[in-house]
Structures are given as structure tokens and as C-alpha cells.
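I have placed the structure first, in the form of C-alpha cells, so that the comments after it can refer back to it.
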Amino acid sequence: MSHRIVILGAGTGGTLTANRLRKAYGSDEATITVVDQDDQHVYQPGLLFVPFGLTHPEDIVRSRQRQLHKGIDYRQSPIDHVDLEADTVHLADGSTLGYDVLVVATGATLVPEETEGLAEWPPNVHTFYTVDGAARLEQALAELDGGRVVVNVVDMPIKCPVAPLEFCFLADWFFTDRGIRDRIQLTYVTPLDAAFTKPVAAATLGGMLDDRGIELVTEFNTGEVDGAGGKLVSYDEREVPFDLAVVIPLHGGQAYVGRSEGLGDELGFVPTDPATLQSTVKPNVFAIGDATTLPASKAGSVTHFEGDVLVENVRRFLAGQDLDATYDGHANCFIETGFGKAMLIDFNYDQEPVPGHFPAAVGLPLLKESRLNHLGKLMFQWFYWHALLPGRDIPGVGSHMPEAGKTTTPS
Amino acid sequence: MPTKTVTGVEVDVTDDGFFTNPDQWTEAMAPELAADEGIEPLTDQHWQVLRFMRSEYAEKGTGPTVRVLGKTSGVTVKELYQLFPKGPAKIAARIAGIPKPRGCI
Chain A
15 MSHRIVILGA
25 GTGGTLTANR
35 LRKAYGSDEA
45 TITVVDQDDQ
55 HVYQPGLLFV
65 PFGLTHPEDI
75 VRSRQRQLHK
85 GIDYRQSPID
95 HVDLEADTVH
105 LADGSTLGYD
115 VLVVATGATL
125 VPEETEGLAE
135 WPPNVHTFYT
145 VDGAARLEQA
155 LAELDGGRVV
165 VNVVDMPIKC
175 PVAPLEFCFL
185 ADWFFTDRGI
195 RDRIQLTYVT
205 PLDAAFTKPV
215 AAATLGGMLD
225 DRGIELVTEF
235 NTGEVDGAGG
245 KLVSYDEREV
255 PFDLAVVIPL
265 HGGQAYVGRS
275 EGLGDELGFV
285 PTDPATLQST
295 VKPNVFAIGD
305 ATTLPASKAG
315 SVTHFEGDVL
325 VENVRRFLAG
335 QDLDATYDGH
345 ANCFIETGFG
355 KAMLIDFNYD
365 QEPVPGHFPA
375 AVGLPLLKES
385 RLNHLGKLMF
395 QWFYWHALLP
405 GRDIPGVGSH
415 MPEAGKTTTP
425 S
Chain B
64 MPTKTVTGVE
74 VDVTDDGFFT
84 NPDQWTEAMA
94 PELAADEGIE
104 PLTDQHWQVL
114 RFMRSEYAEK
124 GTGPTVRVLG
134 KTSGVTVKEL
144 YQLFPKGPAK
154 IAARIAGIPK
164 PRGCI
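Chains as they are written, first to last, in the numbering used here: chain A, 15 to 425; chain B, 64 to 168.
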């Protein structure tokens, strides 16, 4: 009997899952159908570089369908809803897809309309979390010759929690390079009580903001972005003035999740077991990447490491076996720090980012700026299209977090 | 582990004042815990939030974030900040006797 596997979303998680499953099953053993609403696969780590003219929209967008291996069915349509009881996906074009296993990989979406004043995107308010937004910001930064630049995270969770900090570091470099750094006041405004979620890395990153003369405002819960008045206003009525604001809006799951009874939580994310990646809403529903409720960063590296476990557990589920593959929360991020350098952090559910080397004692330096890490970050785009999405393993990088090169190991 | 005495009863708390064992909490403790946060008296609307926090914790094993509270408790985020000015999710969790909300990473 041939299994019917339907994967919603053809981004990082959906694509690598589809390709790996296609290798795991012969064409007579399973049909694999992938659904997405458009054919624009964005290399999202590249968005950070667009506002500074370091890369361009056309260089980071490719066809979704072309990243999928032969023998995978691609359906381009918005999703109307999933009927969990009937194991059926209803597409916006009226057609339906029945499934034996459903994989939700539709990521997170931006919901600026949940913050007063943000949905209109006033002329002095920007974001780099979309291709169009990043391109619009590039123009604004090129024209800016002084003033207060504020980078604001409205609330967690957001995709790639280090990206807003990287933006600050790159902005410091960009304005220095243009010879106008002394006329720019840079401020990072976060709802967290420190620069980052994890204490050791937060201390390092906070120190790096300080070294660069970037002001840090913490525990700021943005209630309103007032473009005309040029200020952020928090719910507890504090204000941060700006001439140009770079705002990372609230995130949620995709709208169809909200329309699918029982599939998502209050924010539209799919409740998912953090070890097995099976959803807790129904056994034949799995989820990967930003679409889940996992207590891990919403980031491509997390999605990549989840892929191994997800594919193995889908295979086990369809074979009627217990799910015993487990994901440890492994995340790995290059943090661009400006001036041709970058830092690398590597962590999981239990182990926070610490200094050392990755993946072993001889390797890339961890939690420390270096040129090698910057090259690593640049090279990663090649790996993304040519190794990660096709479902190949990256040499020396497994899905579980390595401990060998770290200065402290999990207790 | 630190302890603190509320309504004459010793309870286990963390360094920043969150209950580690929600079963040690009783509704009678809430007014005293609220007063420690500078909130008195507790209104019906405060209680609506506190009871919601308790039931969410019982169901999900963690207290809700401010954003989820705003969407689901029947009290808007703006009102939540009026009720618990210095951070609704944390303050309400301390008064409701549940551990610090895990929030998001």
C-alpha cells in the first residue's frame, strides 16, 4: 500500500523534509505532495544583508519548486484549512488532499497589525524581515545622514532572535564606513531583560553593544509605534524617540492554522512534542521549524537539525513502530558582528551557548568574533541551496549538539 | 531553596519570588502577595486574570505570556498593564502562585 504524505510549506523545513522522505521511500511506497502559496523560496539569512547593500533581493530568492527532487508533487495554492478529523487538507482553489501523514512546515508570519501604528508602515518605520521591507530599508539607510536610529523587537517569539542584534552591529559598521557614525545615535530596544535570551551569550552580546556605543533599552513592551510623533511607546508608558525605526513585528503562525479546528495554539503555532516532532494534536500530524511551539529558536539551523528526527519518526509512524528518534534542541548560529567578522554560537535545550570551538577542539571559535566565522556565514548560503535543502548531510555537523570543543559541558 | 511566609504559612519560592510548588498556594494568600507587589486591593478583574493564570498553568504546565493573556483572558494587554503595571505576566504569576512563565526563546 502506498502512503500518502502531504507537506504544507516549501520553505526550509518543508523542502528538506520532502527531499529526505523521497529518498527514504520508493515511488511505489509513498506519494509526497508539497503545498505552498507562491514560488518564491527566500534564503532568509540573506535578508539581514540587503539593507546594507551587501546582497540583493534577486540573489536570495529562488523557485520553491526547483528545490524539490523529482517525484515530489508540487501544488501551488493558498491553504484554506486542515480538517483533522477527516485527515484532509482543503486548498483555497477548492480541491482537497487526503493524507496518511501531514507535516506542517508553513513557518511563522509577521503580524504588524497587532501593534498600534505599525500596519501602515509610516515612511520612517521599516523592517528587514521581508524582501520588500529590506529593499525599502536599503534606500532609507542610503539617504540617512544623521539622527536617532532605533532597532526594536516588539515581542518574542521572532525568527532568528540574534538577527536584530546583528543588524545593530552591521549598522554601526555601515555608518562608520560612510563616515557619519558620530552623527547617528543607535539604540536597541528589547522586551527581554538583557540583550539576548541566554545568560552567557547575553553578557557577551551586551558588552559588544556597549563597545560600539549602541544604547540598550530592556524590558520595553512596545504598545505603539508612532511614526508621525517619531517615538515608540511602551504599554507602561515609556517612550523612545526615533528618526528612523527598524521594527521586528510580532510573529504568529499562518492564518489557515487559525481556521483549522484543533491544529494551532492561541498564536497559530502547532503544539509539538519537543523530542519527537510529532504534534500533540493528532498522532498523524507532525510539524517542523518555525511553525511549531518548540522551546527552541525559530531558525533555519534548528529546522535543519530537526529534519533528521522528523523523517525518521514519520517513517517509524507509518511502519507502526514507536517513535524513538529524539531532537535535543540543537541550534547553531553565525552572528555577523560587522567589520568582516562574525561570531558562532552553538546550543541546545539544556546547554546554553558557551565559549570553545565547534564542532570539536579544532574548529571555528565559539562566542568570539573572528574572520573565519564571517567566511563561514558567507559560505553557508552555498550549503543551504546545495546540501541542506537537498537533504545531504553537512560534513562534520550532525543533528545532535557536539560537546567536545566546549569549555563547559552539560551538567 | 528560599522560603517565604504568606498568611502564616511557609511556602517554597525562587530567588525572584515565584512559587516552585503551586499546590502550596491558596486563594487566601493572593491579597498579601499582591500587597507585596504594591497592588491593593485585588479587584474582580485582577481575579479574572489570576484564575486564568492558574487554569492555564494547570493545563499547560507554564503560565501564559502577556500576549497570550491579551488574546485569551478577556482582558486586553493595555488593561493588563493597568492592573499589573510592572509586567503583567510575571507579577500575576507571582500573585497566582505559579512558576515564572517560560515565555519564549
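Glycine included, C-beta positions come from ideal geometry on N, C-alpha and C.
This structure is a prediction, so every number in the text was calculated from the model and none was measured.
- Put simply, the backbone Cα of B/K153 is about 13 Å away from that of B/L96.
- Taken residue by residue, none of the region 340–371 of chain A has a beta-carbon sitting less than 8 Å from a beta-carbon on chain B.
- Across the set A/R162, A/S315, A/V168, the C-alpha of A/R162 shows the shortest separation from the C-alpha of A/D196.
- With distances taken between CA atoms, A/E275 lies nearest to A/T102 out of A/T102, A/L402, A/V20, A/S77.
- Boundaries of the alpha helix (DSSP H) around A/G28: 26–38.
- Residues of the region 167–180 of chain A with a C-beta atom less than 9 Å from some C-beta of chain B are D169, M170, P171, I172, P175, listed in chain order.
- The residue among A/A215, A/S311, A/E326, A/D279 with its C-alpha nearest the C-alpha of A/K382 is A/A215.
- Between A/R80 and A/D50, the CB-CB gap reaches or exceeds 8 Å.
- Proximity to A/A339 across A/S41, A/I74, A/P175, A/V328 peaks at A/V328, based on C-alpha coordinates.
- Taken atom to atom, the span from the alpha-carbon of B/T66 to that of A/Y270 is near 47 Å.
- For the pair of segments examined, the region 84–91 of chain A was found not to touch the region 254–269 of chain A: the number of CB pairs separated by less than 8 Å stays below three.
- If you check the CB distance, A/L82 and A/T29 come in under 8 Å.
- One finds Y144, P148, K149, G150 in chain B with Cβ atoms closer than 9 Å to the Cβ of A/D250, taken in chain order.
- Taking all protein chains shown into account, A/E99 has fewer than 16 neighbouring C-beta atoms within 10 Å of its C-beta and is therefore exposed.
- Inclusion of A/V117 and A/F300 in the CB contact set at 8 Å is warranted, their separation being smaller than that value.
- In this structure, A/K355 lies near A/R385, with their beta-carbon atoms less than 8 Å apart.
- Contact between the region 317–324 of chain A and the region 183–196 of chain A is not established, with fewer than three Cβ pairs separated by less than 8 Å.
- Taking 8 Å as the cut-off, the beta carbon of B/G126 is found no closer than this to the beta carbon of B/A98.
- Taking all protein chains shown into account, A/H400 has fewer than 16 neighbouring C-beta atoms within 10 Å of its C-beta and is therefore exposed.
- Spatial neighbours of A/S315 in its own chain (CB-CB distance under 7 Å, excluding positions within 5 residues in sequence) are listed in chain order as A345, N346, C347.
- For A/T232, there is no enclosing beta strand (DSSP E), as DSSP marks it with neither H nor E.
- Interface residue (Cβ-Cβ distance to chain A less than 8 Å): B/K134 is classified as such.
- Counted as a single uninterrupted DSSP element, the beta strand (DSSP E) harbouring A/S77 occupies residues 75–77.
- Under the 8 Å Cβ criterion, the region 284–300 of chain A counts as touching the region 114–129 of chain A, having at least three qualifying pairs.
- Under the 8 Å criterion on CB atoms, A/E280 is classed as interfacial with respect to chain B.
- In terms of beta-carbon proximity, A/G237 lines the interface with chain B, with at least one pair separated by less than 8 Å.
- The continuous stretches of beta strand (DSSP E) do not include A/M15, and DSSP gives it neither H nor E.
- Between A/I349 and A/L179, the gap from beta carbon to beta carbon is short of 8 Å.
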